[in-house]
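J.: Numbering-wise, our numbering puts 298 at position 250 of the sequence shown, and it's gapless, one number per residue. For glycine and all other residues, C-beta sits at the position ideal for the given N, C-alpha and C. It should be emphasised that the depicted structure is a prediction, and the values quoted were computed from it without experimental measurement. I am attaching a structure below and will ask some questions about it afterwards.
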Amino acid sequence: MPAITYEHIKTCKQSGARLGIVHTPHGSFETPMFMPVGTLATVKTMSPEDLKDMGAKIILSNTYHLWLRPGSDIIKEAGGLHKFMNWDRPILTDSGGFQVFSLSDLRKISEEGVEFRNHLSGEKLFLTPEKSMQVQNDLGPDIMMAFDECPPYPAEYEYMKASVERTSRWAERCLKAHARPDEQGLFGIVQGGEYEDLRKQSAEDLVSLDFPGYAIGGLSVGEPKDVMNRALEYTTPLLPADKPRYLMGVGSPDSLIDGSIRGIDMFDCVLPTRIARNGTLMTSSGRLVVRNAKYARDFRPLDENCNCHVCQNYSRAYIRHLVKCDETFGFRLTTYHNLHFLLKLMENVRQAIREDRLLDYREEFFEAYGFNKPDAKNF
Ligand SMILES: [Zn+2]
């Protein structure tokens with residue numbers, strides 16, 4: 049029995065979106081699902097109890113950051129990431145690749161791996177497919193990600209082609225190096241940027257290696273939304289229907305709905321938590337910047353249609369005051385609401401799939417949120 053399996057429940061007759069269940073060693077979750085990001089083995093300002101209370105079923109943590117601090121040997125000694133951070137539900141870790149490419153200086157990519165400088169200490173380090181697997185085996189998440197190269201957008205065709213081919217060779221090395229396939233499922237990552245033939249090549253290479261799940265990487269890296277949606281339209285049909293599909297780094301409400309419509313099951317993004325710490329909220333009637341002066345005497349909840357404990361108990365005026373004074377409690381409240389909002393959105397998406405009306409739901413949601421306006425913001 050593989051560590052990760054996908055159970056298909058139904059396909060939305062109106063949109064083609066899939067409703068399913070992903071089974072893991074630490075329990076199951078319905079899909080489409082949003083995964084809150086806990087970079088350093090904590091979703092910033094949230095306790096595991098908060099996360100359970102808001103309905104989070106799986107969280108993501110970052111291999112690169114935990115490898116550097118506190119070190120995967122310490123987490124292994126603690127009994128793995130679940131025990132270390134007191135989270136007994138599923139965890140997914142990334143491969144470290146994305147951070148190596150986005151955070152560190154002086155990267156040197158070779159067939160063997162990537163040489164880079166630790167963004168904290170400046171120390172020279174080398175990350176390879178084998179090293180990424182060893183660190184993720186030590187951390188012990190339910191789902192691990194293959195080590196891939198994440199080229200910037202836009203990248204030249206020839207570069208992207210060479211990169212896709214290397215990522216396929218690295219994927220094969222990851223499978224060979226993965227020491228705990230009965231306890232942890234390893235997902236392959238389809239790359240190829242906006243080039244349809246390279247996405248096809250990448251998907252075919254990876255599907256031939258028979259991973260228990262597949263991610264689509266290299267999107268939401270600065271390309272326009274229609275480029276992302278088109279890439280999903282030609283990529284998801286190439287992936288096996290009986291395996292979960294994960295769109296990496298996507299978390300704006302419109303993209304969660306549009307990704308689901310294109311057959312995606314799992315999403316993650318720092319967006320809801322990052323903007324929360326800046327005092328920006330996602331609400332059923334659109335984006336709300338609670339720092340603004342107009343909320344100083346506004347004693348209504350952040351979102352009048354939200355049933356989260358923040359909206360039941362605290363006002364815009366109070367939260368604005370806390371956020372403006374840099375009070376930690378203010379960031380707890382805004383973070384809680386934003387994560388609850390996206391988890392609730394995915395629950396509504398799943399309900400709409402059950403009722404074969406996800407395109408109608410999209411229209412209603414976009415209208416209320418303001419995505420249909422010409423000057424609509426990204427979130
Ligand atoms: Zn709320």
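1) Any idea if K436 is buried or exposed, counting beta-carbon neighbours within 10 angstroms, 16 or more meaning buried?
2) Please name the residue in F259, R217 and C198 whose C-alpha comes closest to that of G241.
3) Just confirm the distance between the C-beta atoms of Q239 and S211, as a whole number of angstroms; I'd bet it's less than 8 Å.
4) Compute the beta-carbon to beta-carbon distance between Y409 and L381, rounded to the nearest angstrom, for a pair I have assumed lies under 8 Å.
5) Which residues end up in the neighbourhood of ligand 1 when you take C-beta atoms closer than 7 Å to any of its heavy atoms?
6) According to the Cβ coordinates, are S332 and N355 closer than 8 Å?
7) Do F195 and G265 have their CB atoms nearer than 8 Å?
8) By how many angstroms is the C-alpha of Q62 removed from the C-alpha of F377?
9) Inspect the beta-carbon positions of P260 and D190 and report whether they are closer than 8 Å.
10) Taking all protein chains shown into account, decide if P84 is buried (16 or more other Cβ within 10 angstroms of its Cβ) or exposed.
11) When burial is assigned at 16 or more other CB atoms within 10 Å of the CB, is H130 buried or exposed?
12) Assign P177 to one of two classes, buried (16 or more other C-beta atoms within 10 Å of its C-beta) or exposed (fewer than that).
13) Any idea if P349 is buried or exposed, counting beta-carbon neighbours within 10 angstroms, 16 or more meaning buried?
14) For E171 and Q147, I'd like the C-alpha separation in whole angstroms.
15) Given that a residue counts as buried once 16 or more other Cβ atoms are within 10 Å of its Cβ, and exposed if not, what is A89?
16) Work out the CA separation of K273 and E411 for me, nearest whole Å.
17) Could you spell out where the beta strand (DSSP E) holding G233 opens and where it closes?
18) Contact check, Y54 vs P292 under 8 Å by CB: the rounded distance?
19) Going by DSSP, what residue range makes up the beta strand (DSSP E) through T176?
20) When DSSP builds the beta bridges, which residues end up paired with E244?
21) Go through its chain and collect everything with a Cβ distance to M133's Cβ below 6 Å, but skip five positions before and after it.
22) May I ask you to report which of helix, strand or coil DSSP gives S76?
23) Taking all protein chains shown into account, decide if L168 is buried (16 or more other Cβ within 10 angstroms of its Cβ) or exposed.
24) Can you tell me whether T59 is helix, strand or coil according to DSSP?
25) Would you list, in sequence order, the uninterrupted alpha helix (DSSP H) runs of no fewer than 4 residues that lie entirely inside the segment 62-124?
26) Verify whether the separation of the beta carbon atoms of A104 and L391 is less than 8 Å.
27) Determine, using beta carbons only, whether G86 and S109 come nearer to each other than 8 Å.
28) Just curious, the beta strand (DSSP E) that F164 is in, first and last residue?
T.: Reading from the atomic positions:
1) Since the first residue shown for the chain is 49 and the last is 427, residue 436 is missing from the structure and cannot be characterised.
2) Residue 241 sits at position 193 when you count from the first residue of the sequence shown. When only C-alpha atoms are compared, the closest one is C198.
3) Working through the sequence shown from its first residue, we reach residue 239 at position 191. Working through the sequence shown from its first residue, we reach residue 211 at position 163. The Cβ separation is near 7 Å, so the contact holds.
4) For the purposes of this step, residue 409 is taken as residue 361 along the sequence shown, with counting starting at 1. For the purposes of this step, residue 381 is taken as residue 333 along the sequence shown, with counting starting at 1. Not quite, the Cβ-Cβ distance comes to about 28 Å (not below 8 Å), so this is no contact.
5) P349, L350, D351, C354, C356, V358, C359, H385, H388 and F389
6) For this step, residue 332 is matched to residue 284 along the sequence shown. For this step, residue 355 is matched to residue 307 along the sequence shown. Inclusion of S332 and N355 in the CB contact set at 8 Å is not warranted, their separation being larger than that value.
7) As a first step, residue 195 must be located in the sequence shown, where it is residue number 147. As a first step, residue 265 must be located in the sequence shown, where it is residue number 217. No, Cβ-Cβ distance for F195 and G265 is not below 8 Å.
8) Taking the sequence shown and counting its residues from 1, the one referred to as residue 377 is at position 329. Taking the sequence shown and counting its residues from 1, the one referred to as residue 62 is at position 14. Each residue's alpha carbon lies about 42 Å from the other.
9) In the sequence shown, residue 260 corresponds to position 212, counting from 1. In the sequence shown, residue 190 corresponds to position 142, counting from 1. The answer is no: Cβ separation not under 8 Å.
10) Counting from one through the sequence shown, the residue named residue 84 turns up at place 36. Per the 10 Å Cβ criterion, buried.
11) Along the sequence shown, read from residue 1 onward, the residue named residue 130 stands at position 82. Buried: at least 16 other Cβ atoms inside 10 Å.
12) Taking the sequence shown and counting its residues from 1, the one referred to as residue 177 is at position 129. P177 is buried by the Cβ-count criterion.
13) Start at 1 with the first residue of the sequence shown, and residue 349 comes out as number 301. So P349 ends up on the buried side.
14) For this step, residue 171 is matched to residue 123 along the sequence shown. For this step, residue 147 is matched to residue 99 along the sequence shown. Computed Cα separation, rounded: 15 Å.
15) In the sequence shown, residue 89 corresponds to position 41, counting from 1. A89 is buried by the Cβ-count criterion.
16) Residue numbering aside, residue 411 sits at position 363 when the sequence shown is read from its first letter. Residue numbering aside, residue 273 sits at position 225 when the sequence shown is read from its first letter. Those two C-alpha atoms are separated by around 17 Å.
17) The sequence position of residue 233 within the sequence shown is 185, counting from 1. From DSSP, the beta strand (DSSP E) with G233 extends over G233 to V238.
18) Within the sequence shown, numbered from 1, the residue matching residue 54 stands at position 6. Within the sequence shown, numbered from 1, the residue matching residue 292 stands at position 244. Indeed, because the Cβ distance is near 5 Å, the residues count as touching under 8 Å.
19) Along the sequence shown, one-based indexing puts residue 176 at 128. Here T176 belongs to no beta strand (DSSP E), and DSSP marks it neither H nor E.
20) Taking the first residue of the sequence shown as 1, we reach residue 244 at position 196. Residue pairing by DSSP places E244 opposite no residue, since no beta bridge is assigned to it.
21) In the sequence shown, the residue the question calls residue 133 occupies position 85. Closer than 6 Å at the Cβ level, and outside the excluded window around M133, lie A89.
22) Taking the first residue of the sequence shown as 1, we reach residue 76 at position 28. Strand, per DSSP.
23) Reading the sequence shown from its first residue, position 120 is the one you call residue 168. Per the 10 Å Cβ criterion, exposed.
24) Residue 59 sits at position 11 when you count from the first residue of the sequence shown. If DSSP states are grouped into helix, strand and coil, T59 belongs with the strands.
25) 96-101 and 111-116
26) Within the sequence shown, residue 104 is the residue found at index 56, counting from 1. Within the sequence shown, residue 391 is the residue found at index 343, counting from 1. Yes, the Cβ-Cβ distance between A104 and L391 is below 8 Å.
27) If you number the sequence shown from 1, residue 86 lands on position 38. If you number the sequence shown from 1, residue 109 lands on position 61. At a Cβ-Cβ threshold of 8 Å, G86 and S109 count as neighbours.
28) Along the sequence shown, one-based indexing puts residue 164 at 116. Where F164 is concerned, the enclosing beta strand (DSSP E) stretches over V162 to R165.
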